[in-house]
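Asks: After the structure tokens below, expect a handful of questions from me.
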Amino acid sequence: MERRTRVRFAPSPTGPLHMGGVRTALYNYLYAKQHGGDFILRIEDTDSHRFVPGAEEYIIEALKWCGIVPDEGVDKDGKVVETASERHPHAPYRQSQRRGIYRAYAEQLVANGYAYYAFDSAEELEAVRSAAEARGETFTYNQKSRMSLRNSLTLSAEETSKLLEETVNWTIRFKMPENTVVAMDDMIRGHIEVNTDTLDDKVLWKRADELPTYHLANIVDDHLMEITEVIRGEEWLPSLPLHYMLYKAFGWEETRPRFAHLSLLLKPVGNGKLSKRDGDKMGFPVFPLRWVNAEGEASHGYREDGYFPEAFVNMLAMLGWNPGDDRELFSLEELIQAFSMEKVQKAGAKFNPDKAKWFNKEYLRMKSDEELTDLFVPILEANGIEVTGCYKCPVSHDFAAHSVSKNYVKGVVALIKERATFVADFWTIAPYLFAAPKEYVEKDAAKFWKEENYTLALKAAEHMYGYEGPWTAEAVGEELEGFIRGNEWPMGKVMNCLRLALSGASSGLGIADILSFIGKDEFRSRMENAVAQLG
RNA sequence: GCUGGGUUCGUAUAACGGUUAGUACUCAAGAUUCUCAAUCUUGCAAUAGGAGUUCGAUUCUCCUACCCAGUACCA
4 MERRTRVRFA
14 PSPTGPLHMG
24 GVRTALYNYL
34 YAKQHGGDFI
44 LRIEDTDSHR
54 FVPGAEEYII
64 EALKWCGIVP
74 DEGVDKDGKV
84 VETASERHPH
94 APYRQSQRRG
104 IYRAYAEQLV
114 ANGYAYYAFD
124 SAEELEAVRS
134 AAEARGETFT
144 YNQKSRMSLR
154 NSLTLSAEET
164 SKLLEETVNW
174 TIRFKMPENT
184 VVAMDDMIRG
194 HIEVNTDTLD
204 DKVLWKRADE
214 LPTYHLANIV
224 DDHLMEITEV
234 IRGEEWLPSL
244 PLHYMLYKAF
254 GWEETRPRFA
264 HLSLLLKPVG
274 NGKLSKRDGD
284 KMGFPVFPLR
294 WVNAEGEASH
304 GYREDGYFPE
314 AFVNMLAMLG
324 WNPGDDRELF
334 SLEELIQAFS
344 MEKVQKAGAK
354 FNPDKAKWFN
364 KEYLRMKSDE
374 ELTDLFVPIL
384 EANGIEVTGC
394 YKCPVSHDFA
404 AHSVSKNYVK
414 GVVALIKERA
424 TFVADFWTIA
434 PYLFAAPKEY
444 VEKDAAKFWK
454 EENYTLALKA
464 AEHMYGYEGP
474 WTAEAVGEEL
484 EGFIRGNEWP
494 MGKVMNCLRL
504 ALSGASSGLG
514 IADILSFIGK
524 DEFRSRMENA
534 VAQLG
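If you read the first sequence in my numbering, its first letter stands for residue 4, the second for the next number, and so on.
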């Protein structure tokens, strides 16, 4: 039977979505789109104790920023989104809103002998657990121990129904079969076999809050939502045998989805998985968007740190997957075309912050000058520079009034975009193209602003004041260098002196470029300022 | 501890039994320039260890080491 490809990303709203989670969502999305199927966002909020306000909204917004748009699921306002609603009435997509459906499935398992009622209280279990620990053993609720505990397998029918009626802290547990080899297939890892004797009797449903645990909700929802492939994190691999057993117990083996378990993202240095701490410590984001927790502590986000979503997504895609050739730059559309589960790496991938920056730099270069200018304008304004006019308006600037025209900004962007990794770098690279330097780098001044140098620099400037040719970088550069060379003055010293006066430092953009932007009047004014301030 | 998964330059990865083990990031050197970037060129640098199978193992099998995950009425 040919089934429409349907995959889901099923995060738990217990905090902000981590970049590893975004990668899982991305791979799901790529797989779905490549197969012409649906990508579903399901919120797994069956743990009422760990709910974090705002987390669900964060997840939705983060995916949206990345361009990973669900075909079905909940949107930012909690509304149901279902583009294929005619075909698939699968709502709601929040498990807390589906709570009514799970109990019957759990009871069905009990009726068929695949599960049982357990009446052990949390305290009782805690007691046997610590008793076992005292003996140097580990307690597991399994085929060995279940017959000595309080459950519907050991109690009489009367006692069982009485407890079901009168108590509220019972659970339904899966009755893991004895000594059975579960043979499983993973799309990434291949064939895996596990003996059920190493597994335990997992809780499927809790009477106390009338909610299923992950395992039950997951299988039931994947079945009802007609999921064809489950692509999830490696942390779920140990519970795959249980999930296989559940599909079997329900009689759903025919439509059981295929599974792919993704390796985890690891920290850049040392061992272990990537955590929020690593980012704080090493100065890179681990979250797609900025997040402020209940204590008011803020965590960096790729978006707020100036990463382009395309670069972030591209970088994430290449972390644990490759196209089989040397290509590295992929749009989302190209990723959909090129993606394949066979090329997904089995081992965990250490995240490399340098490479993330490299991706952003590449994407910055691909952007048009106008697009970058539009992104740069708010940063200029934040630094007190007013941007006026439009792209069709003439180029102008008035440094005294802290005002420049949009086309002037565009010119600057075109000149310096190759030097930048982030849009915000434009400002730090060349603030002096928007305002005269207020101070001069002490070390550079000490090195170059010596009488034998600046007297020559001033003479060169004087010469340029009288220059009447076209004021372009090329012409100005030719004239200035020709003049210095003709006098056989030391080029480096004179030029660095000029740069110091014009930009406040001896290293930076080419003199001719700076002059072409600021103009002759500003040139003169900055030279006079330098003389006044540096002597 | 037990169970499962994993292991190619520092990092991400290529090489689906036969290559001087390739590419990108990082780093270093050189070229270029008035400086700094950018760019170009060059360089450093890896098959975890040990057995086996084979004419031949990065690739297949086993053992060891190390890493990761799970071991909850959390997902």
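The beta-carbon is built from N, C-alpha and C at its ideal position, and this holds for glycine as well.
Computed from a prediction, not measured in an experiment: that's the story for all the values here.
To the nearest angstrom, how far is the alpha carbon of residue 1 from that of residue 353?
Replies: Residue 1 cannot be examined here, being either before or after the span of the chain that is shown, 4 to 538.
Asks: Going by DSSP, name the residue or residues bridged to residue 195.
Replies: Its beta-bridge partners are 187.
Asks: Measure from the alpha carbon of residue 232 to the alpha carbon of each residue in 238, 190, 516, 281, then state which is nearest.
Replies: When only C-alpha atoms are compared, the closest one is 190.
Asks: Per DSSP, what kind of secondary structure is residue 324 in: helix, strand or coil?
Replies: Residue 324: strand per DSSP, three-state reduction.
Asks: Reducing DSSP to helix, strand and coil, say where residue 389 ends up.
Replies: In the structure shown, residue 389 sits in a strand (DSSP, three-state: E or B).
Asks: Out of curiosity, what's the CA-to-CA distance linking residue 205 and residue 264?
Replies: Near 21 Å, if we compare the C-alpha coordinates of residue 264 and residue 205.
Asks: To which residues of the same chain is residue 183 closer than 6 Å at the C-beta, ignoring the five residues directly before and after it?
Replies: Closer than 6 Å at Cβ, skipping near neighbours: 199.
Asks: Got a sec, what are the start and stop residues for the alpha helix (DSSP H) residue 9 sits in?
Replies: Here residue 9 belongs to no alpha helix (DSSP H); instead the beta strand (DSSP E) covers 9-12.
Asks: Between which two residues does the alpha helix (DSSP H) containing residue 418 stretch?
Replies: Counting along the chain, the alpha helix (DSSP H) containing residue 418 begins and ends at 409-419.
Asks: If you draw a straight line from the C-alpha of residue 500 to the C-alpha of residue 385, how long is it?
Replies: If you take the alpha carbons of residue 500 and residue 385, they lie about 30 Å apart.
Asks: Do the region 466-478 and the region 419-437 touch if we need at least three Cβ pairs shorter than 8 Å?
Replies: No, they do not touch.
Asks: So what does DSSP say about residue 152, is it helix, strand or coil?
Replies: Residue 152: coil per DSSP, three-state reduction.
Asks: If you draw a straight line from the alpha carbon of residue 188 to that of residue 294, how long is it in whole angstroms?
Replies: Their backbone Cα atoms lie some 38 Å apart in a straight line.
Asks: Take residue 27 as the anchor and find which of 66, 17, 367 has the nearest alpha-carbon.
Replies: The option with the nearest alpha carbon to residue 27 is 66.
Asks: Which one or two residues does DSSP pair with residue 352 in a beta bridge?
Replies: Partner(s): 268.
Asks: Mind checking residue 260: buried by the 16 CB within 10 Å criterion, or exposed?
Replies: With 16 or more other Cβ atoms within 10 Å, it is buried.
Asks: With a 10 Å radius around its C-beta and 16 neighbouring C-beta atoms as the bar for buried, classify residue 396 as buried or exposed.
Replies: Per the 10 Å Cβ criterion, exposed.
Asks: With a threshold of 6 Å on Cβ separation, who are the neighbours of residue 342 within its own chain once the five nearest residues in sequence on each side are excluded?
Replies: 33, 37.
Asks: Among 400, 377, 54, 289, which has the Cα closest to the Cα of residue 304?
Replies: For residue 304, the nearest C-alpha among the options comes from 289.
Asks: Can the beta-carbon of residue 207 be found closer than 8 Å to that of residue 216?
Replies: Yes, these two residues count as a Cβ contact at 8 Å.
Asks: For residue 22, which residues from the same chain have a beta carbon less than 6 Å from its beta carbon, with the 5 sequence-adjacent residues on both sides left out?
Replies: Hits under 6 Å: 289.
Asks: Whole angstroms are fine: how far does the CA of residue 370 sit from the CA of residue 311?
Replies: Cα-Cα distance, rounded: 10 Å.
Asks: Does the beta-carbon distance from residue 76 to residue 45 come in below 8 Å?
Replies: It is a contact, given that the beta carbons lie within the stated cut-off.
Asks: At 3 residues or longer, and completely inside the region 82-132: list those beta strand (DSSP E) runs for me, N to C.
Replies: Runs of the beta strand (DSSP E) inside the region 82-132: 83-85, 118-121.
Asks: In the structure shown, what three-state DSSP assignment does residue 167 receive?
Replies: Looking at residue 167 - three-state DSSP - the assignment turns out to be helix.
Asks: Since residue 301 sits in a beta bridge, which residues does DSSP pair it with?
Replies: Paired residues: 295.
Asks: Going by beta carbon distance, what residues of the same chain come within less than 8 Å of residue 118, once the five residues before and after it are set aside?
Replies: Counting only Cβ-Cβ distances below 8 Å, and skipping sequence neighbours, we find 109, 112, 175, 176, 177, 178, 207, 252.
Asks: Out of curiosity, what's the CA-to-CA distance linking residue 186 and residue 195?
Replies: Using only the alpha carbons, I get a separation of about 6 Å.
Asks: Grab me the residues of residue 71's own chain with a C-beta within less than 7 Å of its C-beta, minus the 5 sequence neighbours each way, in chain order.
Replies: The residues are 28, 29, 32.
Asks: So who's on the other strand from residue 214, going by DSSP bridges?
Replies: Beta-bridge pairing links residue 214 to 209.
Asks: With a threshold of 16 other CB atoms inside 10 Å of the CB of residue 272, please say whether the residue is buried or exposed.
Replies: When all chains shown are included, residue 272 counts as exposed.
Asks: Run the CB neighbour count on residue 155, radius 10 Å, all protein chains shown included, and call it buried at 16 or more, exposed below.
Replies: Classification for residue 155: buried.
Asks: State the beta-bridge partners of residue 236 as determined by DSSP.
Replies: Answer is 265.
Asks: Can you check the region 433-476 for any alpha helix (DSSP H) of at least 4 residues that lies completely inside it and give the ranges in chain order?
Replies: If we require 4 residues or more, the alpha helix (DSSP H) runs fully inside the region 433-476 come out as 445-451, 454-468.
Asks: For residue 42, which of helix, strand or coil comes out of DSSP?
Replies: DSSP places residue 42 in strand when its eight states are reduced to three.
Asks: Excluding the five sequence neighbours on either side, which residues of its own chain have a C-beta within less than 6 Å of the C-beta of residue 359, listed in chain order?
Replies: Taken in chain order, the residues that qualify are 318.
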